[in-house]
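Colleague: The structure that follows is given in the form of structure tokens.
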Amino acid sequence: MNIIETRNLTHIYRGKIKALDSVNFTARPGERIALIGANGAGKSTLFKHFNGILKPTSGEVLIKGEPINNKNILDARRTVGLVFQDPDDQIFAPTVKQDVAFGPMNLGLSEDVIEKRVRESLETVRLTGFEERAPHHLSTGEKKKVAIAGILAMQPEVLVLDEPTAGLDPGGAVRLIRLINEMNRYLGITTIIATHEVDIVPLLADRVCIMSSGKIIGDGSPDEIFSTDELIRKTHLRLPIVAQLIEMLQEEGVPVKVKFTLEEARDELLRVVK
Amino acid sequence: MNIIETRNLTHIYRGKIKALDSVNFTARPGERIALIGANGAGKSTLFKHFNGILKPTSGEVLIKGEPINNKNILDARRTVGLVFQDPDDQIFAPTVKQDVAFGPMNLGLSEDVIEKRVRESLETVRLTGFEERAPHHLSTGEKKKVAIAGILAMQPEVLVLDEPTAGLDPGGAVRLIRLINEMNRYLGITTIIATHEVDIVPLLADRVCIMSSGKIIGDGSPDEIFSTDELIRKTHLRLPIVAQLIEMLQEEGVPVKVKFTLEEARDELLRVVK
Amino acid sequence: MHISLGEIERETYRKTPIHGIDGRIKILMALAIIVYAVALPRMDTMNFMKFGLLELYLIVLMLSARLDFSYIAFRFAMALPFGFGLAVFQPFLRQPFTTDFTVIYTLPMGLEITREGTLFGAIVFAKFIVCITAVILISSTMSMSELVASARRLGLPRELALLFTMMVRYIFVFWNILGRIRTAQKTRCFDIWNKNVPRRWKLTQVGYTISSLFIRSYEQGERTYQSMLCRGYNADAHVYVGKKKLGTVDFFFLILTLGIIILAQMYITSLIVIPLSK
Amino acid sequence: MHIPDGYIPLDQAAIYWIIALVFIARSIKWARKDMNEDMLPLLAVVAAGMFVLQTINIAASLLVPIPMMGGVSWHIVGAALAAIIFASPWAAVLLMTSVLAVQFILFGDGGLTVMGANIVNMGIIGGFMGYYTYIGLSKLSVKRPVAMFAGAWASMILPAIALAFELWLAGTFPLKQGVVLMGIFQGVAGIGEGMITVIVFGAIAKAKPEIVMNGAHNKVSTAKVAAACIIAFAGIAIAAPFLASSNPDGLGQTASMVIKNGINSAVSPITPIFPGYSIAGFGKTGEIAAIVIGLAVILILWLGIMKILKKV
Ligand SMILES: Nc1ncnc2c1ncn2[C@@H]1O[C@H](COP(=O)(O)OP(=O)(O)OP(=O)(O)O)[C@@H](O)[C@H]1O
Ligand SMILES: Nc1ncnc2c1ncn2[C@@H]1O[C@H](COP(=O)(O)OP(=O)(O)OP(=O)(O)O)[C@@H](O)[C@H]1O
Ligand SMILES: [Mg+2]
Ligand SMILES: [Mg+2]
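Residue numbers (this note's numbering), protein chains in the order written: chain S, 1366 to 1639; chain P, 1366 to 1639; chain B, 266 to 543; chain C, 28 to 339.
The structure is reproduced here in structure tokens:
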């Protein structure tokens, strides 16, 4: 069964701006999905439908097979945890601990359970010891992690991250990607990530959807998607740099196959050189 | 003569956080400089000293050879134009035109000259036709351009940009990089850019400075800087992806030289393959 | 029916002759009508014709500006409560400025409705409606920024102009921030009416939301101030408003408005007074 | 609780406007001179923040509804909070002026002719009394949260009482009922305002200690606090007989006669411009002339006031 499914989902802002145009998107439990698209493609708008923050103008959103309505909307929000692009949008409590406890508190859990969940999620994102720190004195990367911990504490089945690496330095980005992959592998959480940094896509997704002007215009494995070169360029994106390099070599007549991660490209080039 | 020079510049926030630690930085007219460093390295803090927004805790800042003091601070701000990382920090007037006119207005220019400068700078960033638009209805990329136009209208000799490509999609980033390079080439403006996106550095700088924990720990051409691999990794940065790939090939015994842009790498690999 | 702050300027984007009138003229028009309406005597049946004429004029302007009906209705609904509440009391009160009261109806518990009270209530309410209509008209046909610029051209001191200009800009920024905080809270299942959660804790969260918004607005202020300094701002700086000449249409509307006011005062009085006196 | 247009006669409204303008001019001077830097941009941004906070009750379902007894919708005003944070009641005046102006234009809250009165109530009375209540109590070594709560509460209830008096002077609402009604509503709302002020101030003091000008509070001279106390007591002393009297209207009539005569002599140049008055013996043309002259004089007066303000 699909854990998230949208059927002909359309969203029009203020009766004018068509941000989503008949989107059919599905996610199965345990998948690692990346949603790529240029600025304004509609990624964030789509994400906000997954837990009922935005209401469809037409079409519907199904969580575990059930359409979201006023009765089950809290369940939907418990199932799908949404981490915003800008951690400052999400963190408002005066200490890290209070912020992470905010979600579990709203679920009406007991003090003990809340304590435990806060401790565990801070451990998962490796922020133990930060409990009493004030969020606005943290670095960008640490804030991002607090935002993720706040969602993890609600134990969602799906983790939806809007541009998780934006504003992070390469070191921070690598650590965050590793963290996301671990949560998928060890906790079995479905992860859906929106980004326009194509180079990281092969590292954190088995399936890629391309959005452009509110439509999903491509859906497949990273290999498949990045082979449809034209599609990518048309949407203001580009191939991962590795793939660009190999393509340039192809044009010069070198018999290489396009690869997307560093390791694969190395092996492919070694094959040719030797 | 150096257009910007800092001597043993130290800045301590709130008597506690040492954000800059005895920095000696120089920029000569017409240079294209990139300042790279991890989150919290002190890039933004350094930039804010270039036009006297922050006052040194110790050390001094010289603009065209003169230390900044209360008398010449307006001249310093006219010489050095600083574009903030977040355009929302910078754009406050209700229309694009009014915002761009704000700087020239403060210089006490006549209406006609202001009109002309506004028109020209909007042309330079290709935003002609946006004069009466409200900034809060623009896209991220457009807002960035308005912020740059607002500084250009003051006709500074040095353009200092804090993470200009953050949050932009690849298409937008490429266009912005081209714009910055054109301003350097055709208007003769010195450009200094802070970023942690190392892949774009070879595209927009002839000289790279690495910052780490408030110190400048490396200064040289992109080739020199990215050859000091260890330094880069220690500072939470990484090599441009192209260089990483070539290094991996080197480790496998392939006789290639490390390159940093796609074109150079292609030529280098072709040389080896053929 | 909801209209968020983000949408409140929606109607000002239309292009009609009314939208095109110079901002200064619109401000003066509204000012003249409001001052005239407020200045009318408080106990005079003849007032209603005058209010009627003014209101009719304003509604004609609204119609020619092709303003959205539900939007206008909402704007009225938003402005009415306190004024309406005050007016509804009037029939039961003995206004200090009148001495003779005619009781026209007696409710249980000795509540008396007087003719004078009712008249006064109705007049005060009519004044209020005319004033509100005028404000809604001008604020729906020009954006906040245009309004500030026009007031500046009319001689608003530059400190106040700068204050308002920046305030208007950041209202929209903070409106978004607040919306995002709210969304974030919803994402984590926050509901103010949630019974499973202690009330005290909820109140504290509201306090945090407010302080969070306040701190952000303060920090935003600091950063913006810095960026203004970068562009040569100093205490003597001006806000750029640009030149703008008044056209024939603008003067036409100014004269029309003054004409309507004079008509209300003169013609209607004579219309009724003369036949009656014959 | 904004007085709308039409509920206060023009002559009285003018008096409140004049008082308000004097205070606004002084507060601009404060923003430029008394603060080390030019604080206007900062104030503008904070005013925008406050304004957004105040919209909270307008679309309660969209925003943060505040749970109150019986579900009375209510929103923070923030005059005391602003004064305490900026360590000056002038900040409250400037802030409330901008907020009231924008509220009037965007939401139709309050009015144009009565804006002076609203500024007097919420900005001047609320800001000054709230701030000096807080300072005064602090000086008597009352615990800070308690003093702050009291200040915030005073900044809600005192404007409500002032408003009741103004409406009574305007002849729109009886005094005692007004004081009781507005007093109860704002008294209850004041509890919320007080609590939120304490929480918000605490959070700000913790998050950005450098904002909260702690030192400045202690420096406020006792003379100023004493002056504020004296003004407050004088106000109460003048108000009390009306409240205690069994026939406040009778008393009011005498008082208002005295005030009216004062007003008339003070603003006699304005009086003839009111369109209700005609120039005796000129018939219809005279009346038209009266209206035209009246409107012109109002405009000139307005421009004049703006010019004067500019010079301050
Ligand atoms: N609240 C809103 N009101 C009106 N239009 C909106 C709103 N939010 C987004 N839009 C518009 O909807 C479109 C899709 O926006 P969305 O934020 O979903 O894009 P995105 O793919 O997330 O872009 P980015 O990469 O810049 O985050 C854009 O054209 C945007 O301008
Ligand atoms: N206003 C401030 N008050 C206190 N500390 C600050 C302030 N601004 C920056 N800092 C601290 O100073 C250090 C340097 O910050 P800075 O913003 O200069 O880094 P940066 O290199 O620009 O980082 P980024 O890439 O994240 O923008 C950091 O440790 C930061 O936490
Ligand atoms: Mg987005
Ligand atoms: Mg920075």
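Glycine included, C-beta positions come from ideal geometry on N, C-alpha and C.
As the structure is a prediction and not an experimental result, all values here were calculated from the model.
Can K1509 (chain P) be considered in contact with ligand 3, in the sense that its beta carbon sits closer than 7 Å to one or more heavy atoms?
Modeller: Incorrect: K1509 (chain P) has no Cβ contact closer than 7 Å to ligand 3.
Colleague: Exposed or buried, what is A254 (chain C) when buried is set at 16 or more other beta-carbons lying within 10 Å of its beta-carbon?
Modeller: Flag for A254 (chain C) reads exposed.
Colleague: Applying the 10 Å Cβ sphere with the 16-neighbour rule, what's the burial state of D309 (chain B)?
Modeller: The residue is exposed, with fewer than 16 neighbouring Cβ atoms inside 10 Å.
Colleague: Could you give the distance in angstroms between the alpha-carbon of P92 (chain C) and the alpha-carbon of L1419 (chain S)?
Modeller: For P92 (chain C), the predicted model reports a pLDDT of 40, less than 50, meaning its position is unreliable and no value from the coordinates is stated.
Colleague: For L1533 (chain P), which residues in chain A fall below 7 Å Cβ to Cβ?
Modeller: Protein chains S, P, B and C are contained in the structure displayed, whereas chain A is not.
Colleague: Can you give the Cα-Cα distance for G105 (chain C) and V129 (chain C), rounded to whole angstroms?
Modeller: Cα to Cα, the separation comes out at about 15 Å.
Colleague: Whose beta carbon lies closer than 7 Å to any heavy atom of ligand 3, going through the chain in order?
Modeller: So the residues near ligand 3 by this Cβ test are S:K1408, S:S1409, S:Q1450, S:D1527, S:E1528, S:A1559.
Colleague: Quick one, are the C-beta atoms of A1559 (chain S) and E1528 (chain S) less than 8 Å apart?
Modeller: Cβ atoms of A1559 (chain S) and E1528 (chain S): closer than 8 Å.
Colleague: Hey, quick one: how far does the alpha helix (DSSP H) through F486 (chain B) stretch, first residue to last?
Modeller: A small correction: the amino acid at residue 486 (chain B) is Gly; Phe does not occupy that position in the sequence shown. Looking at the DSSP string, the run of the alpha helix (DSSP H) that includes G486 (chain B) is 464-495.
Colleague: Under 9 Å between beta-carbons, which chain S residues line up against A230 (chain C)? List them in chain order, please.
Modeller: Simply P1459.
Colleague: Which bits of chain P does M431 (chain B) rub up against, with CB to CB less than 8 Å?
Modeller: What M431 (chain B) touches in chain P: F1457.
Colleague: By how many angstroms is the C-alpha of V1621 (chain P) removed from the C-alpha of L1634 (chain P)?
Modeller: Taking the straight line from one Cα to the other gives about 7 Å.
Colleague: Would P356 (chain B) and I378 (chain B) qualify as a contact pair, given that the criterion is a beta-carbon distance under 8 Å?
Modeller: Closer than 8 Å, so yes.
Colleague: Below 8 Å on the Cβ atoms is my guess for I475 (chain B) versus L80 (chain C); work out the distance and round it to an integer in Å.
Modeller: Indeed they touch by this definition, with Cβ atoms about 6 Å apart.
Colleague: Within the chosen definition, does the segment 1422-1430 of chain P reach the segment 1451-1458 of chain P through at least 3 CB pairs nearer than 8 Å?
Modeller: The segment 1422-1430 of chain P vs the segment 1451-1458 of chain P: no contact.
Colleague: Got a sec: is the Cβ-Cβ distance from G486 (chain B) to anything in chain P below 8 Å?
Modeller: Chain P contact via Cβ: absent.
Colleague: Using a cut-off of 9 Å between C-beta atoms, extract the partners of I146 (chain C) located in chain B.
Modeller: None at all; the shortest Cβ gap to chain B is about 13 Å.
Colleague: Applying the criterion that 16 or more other CB atoms from any shown protein chain within 10 Å of the CB defines a buried residue, is N1471 (chain P) buried or exposed?
Modeller: By the neighbour-count rule (16 or more Cβ atoms within 10 Å), N1471 (chain P) is buried.
Colleague: Give every residue of the same chain whose Cβ lies closer than 6 Å to the Cβ of F316 (chain B), excluding the five residues on either side of it in the sequence, and list them in chain order.
Modeller: Closer than 6 Å at the Cβ level, and outside the excluded window around F316 (chain B), lie A391, V395.
Colleague: Less than 7 Å between the CB of T1505 (chain S) and some heavy atom of ligand 2, yes or no?
Modeller: It does: the Cβ of T1505 (chain S) is within 7 Å (strictly closer) of some heavy atom of ligand 2.
Colleague: Whose C-beta lies closer than 8 Å to the C-beta of G262 (chain C) among residues of the same chain, with five residues either side of it excluded?
Modeller: None.
Colleague: Under 8 Å Cβ to Cβ from T1460 (chain P), same chain only, skipping five residues before and after it: list those, please.
Modeller: Correct list, in chain order: E1496, E1497, R1498, A1499, P1500.
Colleague: When you compare the segment 1509-1520 of chain P with the segment 1476-1487 of chain P, are there three or more beta-carbon pairs, one atom per stretch, that lie closer than 8 Å?
Modeller: Yes, they touch.
Colleague: From I1557 (chain P) to F1415 (chain P), what distance separates their C-alpha atoms?
Modeller: Going by the C-alpha atoms only, they are around 11 Å apart.
Colleague: Is H1561 (chain S) close to ligand 6? I mean its beta-carbon at under 7 Å from any heavy atom of the ligand.
Modeller: Ligand 6 is not part of the structure shown, which contains ligand 1, ligand 2, ligand 3 and ligand 4 as its ligands.
Colleague: Would you say M1366 (chain P) reaches chain B, if we count a Cβ-Cβ gap shorter than 8 Å as a contact?
Modeller: So no, M1366 (chain P) is outside the interface.
Colleague: Would you mind sorting V1607 (chain S) into buried or exposed? The rule is 16 or more other CB atoms within 10 Å of its CB.
Modeller: Classification of V1607 (chain S): buried, given that the 10 Å Cβ count is 16 or more.
Colleague: Taking Cβ-Cβ distances below 9 Å as the criterion, which residues of the segment 354-373 of chain B are in contact with chain P?
Modeller: Residues passing the 9 Å Cβ filter: none.
Colleague: Could I get the ranges of all uninterrupted beta strand (DSSP E) runs contained in the segment 1427-1462 of chain S, with 3 residues as the minimum, in chain order?
Modeller: Qualifying beta strand (DSSP E) stretches, in chain order: 1445-1448.
Colleague: Compile a chain-ordered list of the residues in the segment 382-411 of chain B whose CB is closer than 9 Å to at least one CB of chain C.
Modeller: Cβ contacts with chain C: F385, I388, V389, F390, A391, K392, F393, I394, V395, C396, I397, A399, V400, I401, I403, S404, M409.
Colleague: Just to make sure I have the definition right: I need the residues of chain C whose C-beta is within less than 9 Å of the C-beta of L376 (chain B). Which are they?
Modeller: Near L376 (chain B) there are no residues of chain C at all, since even the closest Cβ is about 13 Å away, more than 9 Å.
Colleague: List the residues of chain C whose Cβ lies closer than 8 Å to the Cβ of A1499 (chain S), in chain order.
Modeller: Here the neighbours are K233, A234.
Colleague: Under 8 Å, Cβ to Cβ, is there at least one residue of chain B near G1515 (chain P)?
Modeller: Answer yes: the Cβ-Cβ gap between G1515 (chain P) and chain B drops below 8 Å somewhere.
Colleague: Indicate the three-state DSSP secondary structure (helix, strand or coil) for V1623 (chain S) in the structure shown.
Modeller: It is coil, neither helix nor strand.
Colleague: Identify, in the order they occur along the chain, each residue of the same chain with its Cβ nearer than 6 Å to the Cβ of P299 (chain C), setting aside the five sequence neighbours on each side.
Modeller: With a pLDDT of 37 at P299 (chain C), under the threshold of 50, the predicted position of this residue should be treated as unreliable, though the coordinate-derived value follows. Correct list: empty, nothing qualifies.
Colleague: Alpha carbon to alpha carbon, how far is S182 (chain C) from W57 (chain C)?
Modeller: Distance between the alpha carbons of S182 (chain C) and W57 (chain C): 21 Å.
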